[in-house]
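Chains as they are written, first to last, in the numbering used here: chain Z, 18 to 992; chain F, -3 to 331.
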């Protein structure tokens, strides 16, 4: 292969020499504004051959330029204009002809920046295979997001501390965020990097061209064939952190004489990785699109794609487990079956998306586009399920040394000899202790008389999501742009589980073993499917592929309309927008749960053997599992104001403000949606107010952005399933009135050095993202729907008091006998560094690029649970609150700071001027740091059976870590 | 070629798929060991304090208990020709892995023989001294001391005469019939129970003011034991209202009626001893766990009315009284 490469390079060099004879060639074209295609007068165009400047020319009033007397060869054309980002284009002059570049579009140093890297170098790192779901909207035009998108992603950095759900991700004009959870939808097109590359991104509270958005930016991915870079491309990639191999092929035909364009792409991601056993890909992706253009007036595109596959997942464990294994990458999800590794937790997905997009552009002044999009398919996630048999998970807390011995005698774990035996098993990695013992699960099932005691369930979240979106643009005057849009969504998502694998048994019984613990003498209450029991006189014997456990539909209806206007005069720009809409949702139970039978078809209570089994809540309302819940509706609205002034020389100052009131999410509205229709009471909209002030500069290869932002988010809700130790029961916590505040700054810069092609690049962000309210919590028991706490205040959510101590370390009491508070320790929005910096060098010369960066992260915190922050838990069994208990129980863990060093190098070559091939190599975490926490959570459990009976203790938290040194090598071939 | 190079660079073991069924595994191999001591001989090693096995002692016996109903919990009873003994293995759901009639071998070295209320048990050393033995419950200890042998037919219960039971109770913990799988015939209900209830089981269980003894009469309890829900049901019915809180002779803490809300808030499942008499008057307490699946099952009306029953299960001894542990309710037959 090396020999081939060498000869190819020689051939390329030779042809360049031979062609350098008659300098009759040239380059011409028109420089236009990318957003509105208006000419850019006075742009400077500098032609480079490697590091040598060949010539410079200025575009005329119509944006036209012409460079002639050029020898054949490959050049870089560097285009600069005041108020626009510097752009660099590869130009090849052949056979002495003047190459017409037609329109060369420049992106304004402004809000919505279009990332369509046909005008960029070939060395983009976008979507190279490191991140399937980017944590921030990667945006090559924005200097901060560009750097942060690559260098901060490995620590799961979230821009401005916002949850990823708050990023609006659009595809072809349709908002694609999950209708139930709001989650970012990137996994729907992972593996389709080439065809989803063209996109527009707005940051923070900027008004996008595609919708008003919220406080965390909006990205629209075009995904239409005409936006796919023409040509044929193949790449082969290996990545030591995720999967062994990615193969990708893309074929895009630009618009032909009849106005047709096509694009096709397919990829496969396969294999495991160097770091996490059990994480494994067998994922594929396909895309096919066709588009027809009728005289640039009508445009119709039909596209269908999906990313089907199976992916083995990772699990978090406690530090005790990681230390015992000597490996922070230990994954408890897998074990040996027949001597081979098998992962119990696999995502099995096939969610095809089809859309039809129509654009009508009768004039420069008016255009309208409309999209119909349908998302459907299946999304399953497997997990072990078991009935009346020991917990098969290897890192279950009763399998660990700490369960047998703890130095603190309160725990009553006093058997060091037993702890030593347990430690011995872990430290020597005895496989049937440290991993799932599949062979035993099969043996138990085979000897259980047909009834599987262990099984693999597959939890489904299957969406049917119908969308319509339209945007009209009208430019009544050259300096006024008005936009109006309508969006509608109808989502029906069925959530249920099916039996994936009986693991050697014949059937699994469809009963609720947790209900059976409390109501073992009831035939009806233990039924997951009471109607089946009534019809057959026994619980269903579930076979492979059968639905069991729970089954319900989430119904969501959303509609909204928005308007925005932009006005420019001189260097001044003002934008104003507003949105109003309505969201309706409800639950439709499809399985009648024995615990909550509800009413029969005629509205009467249900009886069994002469006894009424219908259950009622404390207010006398029927608790219903089957049928429709109440339909709740929410009025949603938002408004935004953008102001900007662009000075001569590429300076721009701008400020944005936005307010929005969004409906709560379905998944945070029902207390226990798997079993009943009960909703959180008095659901409220989530309100956010966000402002940012920015200074940006871009000229002559310099890029700079400085931003300050302030955002408040109020009245959020959260629902979590818990095992409630104080009650020895499974239950749910529903939190209301969670408020947070995000204040901070972002700085990004790129500074050229005297050495041509070498720049210094950096990003810095520092913020304070904190909780500002103490929410209230309602806790319910799953089996009875009994309310344990109703709207109980969680007094240590936003902070915990740190009490004053005297010189001898004792807590000090004030005159009234209460302990004196020294200060309150704030609690932070978790799972992202609130301080992140990157400084690096970027070198670009003659189709080589070399990048090195050193990153530093700090102020990252662990996700909190509310149980540790209520009075009952901090008081302990003696019900006496002491300073030591509050400080221990309610404080929030801060992660250690971290340094990360990365390096990348790449090069591309041309062969016969038609073929391009190259490589890029990314080496991440060169310092091989293996102790960098990227996230985790507190277990919602307490140790309550302590000896002194005075206080409670936490369970150990669980963590995720960043992989150590890892690399990604990509080889590509394009023509 | 590129694929091959990449694959080699990557280490090909990574290509073993890990996301599906890897084929039906076979059962783990069972062992055959030769016991060098009988259960009766092992019991003789106990001299009144916990005995720590230091020598290479192997015993073997057939499994005679199952925790399927939850009445036997975290323990197995094994029986050989000479007697039977409880092995405090400490796991739950044992019936999934240990089958009735299956041979079980115990390599005793490193384990401890101790006494609980008059029953000898094999467990692990309890350094706190609270109990004479602790549960073995660490998988690594179980795997290196307890070995499953060949499966076999379940042991048939041995019918015990009243004389043998009475003699065993007199003879104490070394009596070979304790721990055995037996049938007792002709028992009649004695209209008496014993239950110890705590006001707050998270508080000090030894404090007199935290204890409620329901004894000397039936207290309206006509189920084999009581789950948490059943406990609340009994409490709310008022049948216990007059019962006094406190240890015998220390009834200074009021009655159940005075503390009903607190009892309800701290509700828990409780074991119940239902008293029976053999035809000659020997008392046998059938004690069942509040966590047993049959805990809330009512005693058959015919039993309450004085009908005779035959019971099959494990005969045990608690502080000089004959106790009886049912494996499940199939062990109760009305004559």
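Ideal Cβ placement from N, Cα and C applies to all residues, glycine included. Just so we're clear, the structure is a prediction, and the values are computed from it rather than from any experiment.
Identification of chain Z residues near residue 283/F by a Cβ-Cβ cut-off of 8 Å yields none; the smallest Cβ-Cβ distance measures about 18 Å. In summary, residue 210/Z is buried, with 16 or more beta-carbon neighbours lying within 10 Å of its beta-carbon over all protein chains present.
For residue 337/Z, same chain residues with a beta-carbon under 8 Å away, outside a window of 5 residues either side, are 417, 418, 419 and 973 in chain order. Per DSSP, residue 759/Z lies in no alpha helix (DSSP H); the unbroken beta strand (DSSP E) holding it starts and ends at 746 to 769.
Approximately 11 Å separates the beta-carbon atoms of residue 943/Z and residue 921/Z; this is outside 8 Å, ruling out the contact. Between residue 48/Z and residue 80/Z, the C-beta spacing is below 8 Å.
Burial check for residue 290/Z: the Cβ neighbour count within 10 Å reaches 16 or more, so the residue is buried. Considering only 25/F, 125/F and 23/F, the residue with the shortest C-alpha distance to residue 45/F is 125/F. Fully enclosed beta strand (DSSP E) runs of no fewer than 3 residues occupy 297 to 311, 315 to 323 and 326 to 329 of the segment 291 to 344 of chain Z, in order along the chain. Sorting 260/F, 31/F and 104/F by C-alpha distance to the C-alpha of residue 47/F places 104/F at the top. The C-beta distance from residue 154/F to residue 181/F rounds to 12 Å, too long to fall under 8 Å, and the pair is not in contact. Interface residue (Cβ-Cβ distance to chain F less than 8 Å): residue 941/Z is not classified as such.
Excluding the 5 residues flanking it on each side, residue 169/Z has same chain C-beta neighbours closer than 6 Å at 853, in chain order. The Cβ-Cβ distance between residue 97/Z and residue 717/Z falls below 8 Å. In the structure shown, residue 254/F adopts helical secondary structure according to DSSP, grouped into three states. Contact of residue 19/F with chain Z is assigned, a C-beta pair being separated by under 8 Å. Residue contact check for residue 286/F against chain Z: no CB pair falls below 8 Å. Taking 3 residues as the minimum length, the beta strand (DSSP E) runs contained wholly in the segment 833 to 861 of chain Z are 838 to 843, in order along the chain. Identification of residues in the segment 75 to 91 of chain F having a C-beta nearer than 7 Å to some C-beta of chain Z yields 87, 88 and 89, given in sequence order. Legend: CB atoms of the segment 417 to 431 of chain Z lying less than 7 Å from CB atoms of chain F belong to residues 421 and 431.
As the crow flies, the alpha-carbon of residue 476/Z is around 7 Å from that of residue 512/Z. For the 8 Å CB-CB criterion, residue 862/Z and residue 774/Z form a contact. Within chain F, the C-beta atoms nearer than 7 Å to that of residue 359/Z come from 14 and 18, in chain order.
One thing to note: residue 697/Z has its Cβ within 8 Å of the Cβ of residue 734/Z. Listed along chain Z, the residues sitting closer than 9 Å to residue 223/F by beta-carbon distance are 534, 535, 536, 537 and 538. Restricting attention to 493/Z, 61/Z, 402/Z and 83/Z, the CA atom closest to the CA of residue 41/Z is found in 83/Z. For residue 346/Z and residue 237/F, the gap between their C-alpha atoms comes out near 58 Å.
Identification of residues in the segment 906 to 934 of chain Z having a C-beta nearer than 8 Å to some C-beta of chain F yields an empty set. Boundaries of the alpha helix (DSSP H) around residue 890/Z: 888 to 892.
In this structure, DSSP gives residue 572/Z an extended state, which the three-state scheme calls strand.
Within chain Z, the residues whose beta carbon sits less than 9 Å from that of residue 23/F are 456, 459, 460, 463 and 464, listed in sequence order.
Leaving aside the five residues that flank residue 837/Z on each side, the residues in its chain whose CB is nearer than 6 Å to its CB run, in chain order, 821, 829 and 831.
By DSSP's assignment, residue 603/Z forms a beta bridge with 572/Z.
Within the same chain, Cβ atoms closer than 6 Å to the Cβ of residue 60/F are found at 73, 75, 151 and 177, the five residues on either side in sequence being excluded. Under the three-state reduction of DSSP output, residue 567/Z falls in the strand class. Proximity of chain Z to residue 59/F at the Cβ level (cut-off 8 Å) is not reached, the minimal Cβ distance being about 13 Å.
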